[in-house]
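In UniProt numbering, the protein residues as written are 1 to 270. Even glycine gets a Cβ: it sits at the ideal position worked out from N, Cα and C. The structure presented is a predicted model; accordingly, all values stated were derived computationally and were not measured. What follows is a set of notes on a single structure, which appears directly below.
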C-alpha cells in the first residue's frame, strides 16, 4: 500500500451530513459553540484542533451518541437531533465508527472480528465464523483482502501489530456497509509508516466505495496529504473550513493558538 499523499479527487454533490448551529454543553462546560458543517458523498473531511477543541464531541453528535443541546444534525436524511430510539438504531447501522484503540475482540480471529460488522444484517447472534452464512464469510474475507490482511484471517486479533489491528477494524466497519464512516484519531497510536498506510486505506475507501469519511486528527501533515477538506475547531468553535488543496502548514497553524474561553465569551455580543 502507498503511504504517499493521493491526488485530491472531487467529492460528490449529494449532502450526507448537514449540521446547523450545533451547540453541546456538558453541565457548565461549553464543548461545541454553534458549529455548522456540511459534508458530501465521497468526501474525506478532517477535523483538526487541540485536545478538548470539540472534535470528538462533534463526531458523537453526528451519530447521536451525544444529543445536541441546541441546533440540528441531519445524516443521510435522518434528523438525528429529534430521532426516536428506533430511528437512531437504524441510523447507526448506516454509520461506521473507527476508534483510536481499535475495539477488536482480541481472542477472536481477524475473520470473526470482521464478521461482527455484519451482525446487523442477521436476526440472531452468531458464535464462531462457521455459524455465519457462507456468503457473509466470503464477503468478510474479501474485506480482509481489501485491507491487505487476507492471509491473517485465522490469526487472533491480539497477535497483530497496532497498524494491522486498525486495518481489521476498518474491514469490520466496511462489512457494516455504512454510508458514513466516522474515524476518531484512527492513527494516534501508530508509527508514521503505519499511520500513512491507514490514511491511504481510508482515502481509497472513500473514493472507491463512494463513502463519506469524517476523521479527527492531530497530525497536520497527514491531514494536508489526505483530506479533501479541512475543518479547524478551537474551544468548540469552527475557525477554519477550506479545501485542503493548496493549503500549507502555516495556513493550518492558526487552529493551534490557544484562546481563553472566558475571553471568548466576554468578546461575544450580548
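The DSSP-derived three-state label of residue 57 is helix. Residue 43 and residue 207 have their C-alpha atoms some 8 Å from each other.
If you look at residue 198, you'll find it in the alpha helix (DSSP H) that goes 192–208.
In the DSSP assignment, residue 168 falls within the alpha helix (DSSP H) that extends over 162–175. Excluding the 5 residues flanking it on each side, residue 102 has same chain C-beta neighbours closer than 7 Å at 165, 166 and 169, in chain order. Here residue 179 is buried, its C-beta having at least 16 other C-beta atoms within 10 Å. Short of 6 Å from the beta carbon of residue 35, and not among the five residues preceding or following it, lie these beta carbons of its own chain, in chain order: 22 and 238.
Within the DSSP bridge table, the entry for residue 30 names 25 as partners.
Residue 214 sits close to residue 17, with the two beta carbons spaced by under 8 Å. A distance of 8 Å or more separates the beta carbons of residue 39 and residue 64. Taking C-beta atoms under 8 Å as the contact rule, residue 212 and residue 41 qualify, at a distance of about 6 Å.
Closest by C-alpha distance to residue 196, out of 223, 37 and 77, is 223. Taken through DSSP and simplified to helix, strand or coil, residue 131 comes out as helix. Around the beta carbon of residue 254, a 10 Å sphere encloses fewer than 16 other beta carbons of the protein chains shown; the residue is thus reported as exposed. Per DSSP, residue 239 is not a residue of any alpha helix (DSSP H); the beta strand (DSSP E) it occupies stretches across 237–243. Distance from the CA atom of residue 182 to the CA atom of residue 227, rounded to whole angstroms, is 14 Å. In the structure shown, residue 64 adopts coil according to DSSP, grouped into three states. With respect to residue 58, residue 47 sits close: the two C-beta atoms are nearer than 8 Å. Burial state of residue 257 is exposed, judged by a 10 Å Cβ sphere holding fewer than 16 other Cβ atoms. DSSP, reduced to helix, strand and coil, places residue 254 within a helical segment of the structure shown. In the three-state scheme derived from DSSP, where H, G and I count as helix and E and B as strand, residue 85 is classed as helix.
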